[in-house]
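Engineer: One structure coming up, written as structure tokens, with questions to follow.
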């Protein structure tokens, strides 16, 4: 049995027109989340950032104290270099070098420790946030949820797609 071209076109048009609402519905089921905002605005995120800031301040204070010791030794060297014996100058020079090496080592270790602490804190937050995001995604029927700025996304209508506020609200209540 041969189909007429008009009937084939009518069937094709019906399929296409029937698919348009389905495509629109699927497009409406995409959301974005600003993970940076969740970290900086949620209570657990603020707590983690405060701990990181405290650790950073402690390391900075330790580094300042070490730098002051080094500066003091350099100042002593400059004031006494003409009055001290060669042995005492060599000893003072060695102490300055040792303090400089210790300071550099401390700074490197402190940076590594801060980076590790930051990575652990963010990983812990992520482990707590992901179930909430997944729950919201299932409840709201989202097909996809993108990280707003790390997904290559260049535009999203925040009023329709951004679920960050809801995630922050739920994250705050789940951590109490």
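In this note's numbering, the protein residues as written are 10 to 185. Cβ atoms here follow ideal geometry from the backbone N, Cα and C, with glycine treated the same way.
(1) Note the first and the last residue of the continuous alpha helix (DSSP H) segment covering residue 86.
(2) Which residues does DSSP list as the beta-bridge partners of residue 41?
(3) Can you tell me whether residue 99 is buried or exposed? The criterion is at least 16 other CB atoms within 10 Å of its CB, across all chains shown.
(4) Would you mind giving the Cβ-Cβ distance between residue 86 and residue 105, rounded to the nearest angstrom? I have them listed as a contact below 8 Å.
(5) Mind checking if residue 114 is an interface residue toward chain C, Cβ cutoff 9 Å exclusive?
(6) Beta carbon of residue 50, beta carbon of residue 177: below 9 Å?
(7) I'd like to confirm something about residue 50: is its beta-carbon nearer than 8 Å to some heavy atom of the ligand COA, or not?
(8) Work out the CA separation of residue 68 and residue 102 for me, nearest whole Å.
(9) Taking just the CA atoms, how far does residue 81 sit from residue 58?
(10) Helix, strand or coil, according to DSSP, for residue 146 in the structure here?
(11) Would you please state the rounded distance, in angstroms, between the beta carbons of residue 127 and residue 61? I believe it to be under 8 Å.
(12) Answer yes if the segment 135–149 comes into contact with the segment 110–126, meaning at least three C-beta pairs across the two stretches below 8 Å, and no otherwise.
(13) Does residue 109 come out as helix, strand or coil in the three-state DSSP assignment?
(14) For residue 41 versus residue 134, is the C-beta distance shorter than 9 Å?
(15) Are the beta-carbon atoms of residue 44 and residue 151 separated by less than 9 Å?
(16) Can you tell me whether DSSP reads residue 96 as helix, strand or coil?
Structural biologist: In terms of the structure at hand:
(1) 52–89
(2) 155, 171
(3) Exposed, by the Cβ-count rule.
(4) 6 Å
(5) Reference to chain C is not applicable here, since this structure consists of a single protein chain.
(6) yes
(7) Ligands are entirely absent from the displayed structure, and the ligand COA is therefore not among its contents.
(8) 26 Å
(9) 34 Å
(10) helix
(11) Contact between residue 127 and residue 61 holds, with the beta-carbon distance rounding to 6 Å and staying under 8 Å.
(12) no
(13) Secondary structure at residue 109: helix, using DSSP grouped into helix, strand and coil.
(14) no
(15) no
(16) helix
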